[in-house]
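Position in the sequence shown (first residue = 1) + 883 = my numbering.
From the three backbone atoms N, C-alpha and C, an ideal C-beta is built for every residue, glycine too.
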Amino acid sequence: MGRIHRLRTALSRHHRSAGFGIHSPFAFNFVCNVLGERLPYYGYAVIEATRRVVVEAGMHRLHHAHVISLSNAKMLFRIVNYFAPRHILQFGTNHGVTAVTVLLPSSAAQLCLCEPLLGSRPLASHVLQPYMNRIHVHSDAGSAIAAYCHALQHDQPPFVLVNEITDGNAYKAIEQFLYTILDDKGIIVMRNLNKDKQLKQLWASCERYVHAGQSFTNEKIGIIVATPKLQPERFNLWF
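Set out below in structure tokens:
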């Protein structure tokens, strides 16, 4: 059903992804110059090298969440670079690639990482080692959320990346926390919507809840920018 729907809507999504029919200045700029940016960035070489280490090790086959594609990693870099958060909360390592990606845009950024299995993932631990002075690892969602809220500065909007629900018993806690992020002018990026039923459900729940700002999705990745100044809109795109 999901794949068929994506195929049916491919033409309209592709048309909008070029900016056609988008009247919001913020959305037009975000779609064309962030999601659709084609110029190279300095961090791409590091992302490519990090991802290559993981792919060549073949460890991604041992876990249900496949390693992020190079194009999606570059897009994630651009999103983080655009919003420039100083404190980031991430659920799931994606073998370390996404964690490295979100830290690359700023050497001052700090990452609160919820990953209960990091100790049993030597490859991810190896990939993250050069950045561990900026990564604070938590084994459960509750402690990660509490630590992130404590570290978050009031003059910075929250930024949350959800790769997976790392704590199977904490779905509701994560959902309620994301609601507070949406109330606090935050940004949420959610991946693997087409692979994980829980994430698809969580995305739909957040889209229903958000009452200010805009959402952008290709039904695989979703981004919500909960800014009250933005006219509420949902964009189903090709990216």
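>> Less than 8 Å between the beta carbons of S954 and Q1114, yes or no?
In response: In terms of Cβ geometry, S954 and Q1114 do not form a close pair [threshold 8 Å].
> CA-CA distance, S952 and E920?
Replying inline: 16 Å
> Which of helix, strand or coil does DSSP assign to R1046?
Replying inline: One detail in the question is off: residue 1046 reads as Asn in this sequence, not Arg. Looking at N1046 - three-state DSSP - the assignment turns out to be coil, as it is neither helix nor strand.
> For V1108, is the classification buried or exposed, using 16 other Cβ atoms within 10 angstroms of its Cβ as the cut-off for buried?
Replying inline: buried
> What are the boundary residues of the alpha helix (DSSP H) that S1098 is part of?
Replying inline: Not the alpha helix (DSSP H): S1098 falls in the beta strand (DSSP E), residues 1097-1100.
> If you compare alpha carbons, which of A1056, A1095, N1077 is closest to F974?
Replying inline: A1056
>> For H947 and H1009, what's the separation of their Cα atoms in angstroms?
In response: Annotation note: pLDDT 45 at H947 (below 50); position unreliable, coordinate value reported separately. Whole-angstrom Cα-Cα distance: 20 Å.
>> Please identify the residue among L1065, N964, F960, V1043 whose C-alpha is closest to the C-alpha of H931.
In response: Note that residue 931 corresponds to Glu in the displayed sequence, not to His. Of the listed residues, the one whose Cα sits closest to E931 is F960.
> Helix, strand or coil: which one does DSSP assign to Q993?
Replying inline: strand
> What's the gap between the Cα of E1116 and the Cα of K1083?
Replying inline: 19 Å
>> Let me make sure I understand the geometry here. Which of R969, H1094, N977, A991 has the alpha-carbon closest to that of L1011?
In response: N977
>> Is it buried or exposed, M958, if we count other Cβ atoms within 10 angstroms and call 16 or more buried?
In response: buried
>> Is it the case that the segment 1077-1095 contacts the segment 1055-1069, given that we only count it when at least three CB pairs across the two stretches are under 8 Å?
In response: yes
> Roughly how many whole angstroms lie between the Cα atoms of H970 and A1029?
Replying inline: Distance between the alpha carbons of H970 and A1029 is about 13 Å.
> By how many angstroms is the C-alpha of H1037 removed from the C-alpha of Q1097?
Replying inline: 22 Å
> Cα separation between I1078 and A1024?
Replying inline: According to the sequence as given, residue 1078 is Lys; it is not Ile. Using only the alpha carbons, I get a separation of about 21 Å.
> If you check the beta carbons only, do A982 and I1018 fall under 8 Å apart?
Replying inline: yes
>> If you follow the beta strand (DSSP E) that E1116 is in, where does it begin and where does it stop?
In response: 1116-1119
> Apart from the five residues just before and just after V1045, which ones in its own chain have a Cβ nearer than 6 Å to its Cβ?
Replying inline: F974, M1073
>> Please give me, in chain order, every unbroken run of the beta strand (DSSP E) with length at least 3 that falls completely inside the segment 969-1047.
In response: Those beta strand (DSSP E) runs which fall completely within the segment 969-1047 and span 3+ residues are 970-974, 993-997, 1018-1021, 1042-1045.
> Starting from I962 and walking both ways along the alpha helix (DSSP H), at which residues does that stretch end?
Replying inline: 953-966
> Using CA coordinates, which residue listed in H1021, P1013, Y1031, L994 is at the minimum distance from G1002?
Replying inline: Ranked by Cα distance from G1002, the first of H1021, P1013, Y1031, L994 is H1021.
>> Can you confirm whether A982, when its beta carbon is compared against all beta carbons of chain B, has any partner nearer than 8 Å?
In response: Although the question refers to chain B, the structure presented lacks it and comprises just one protein chain.
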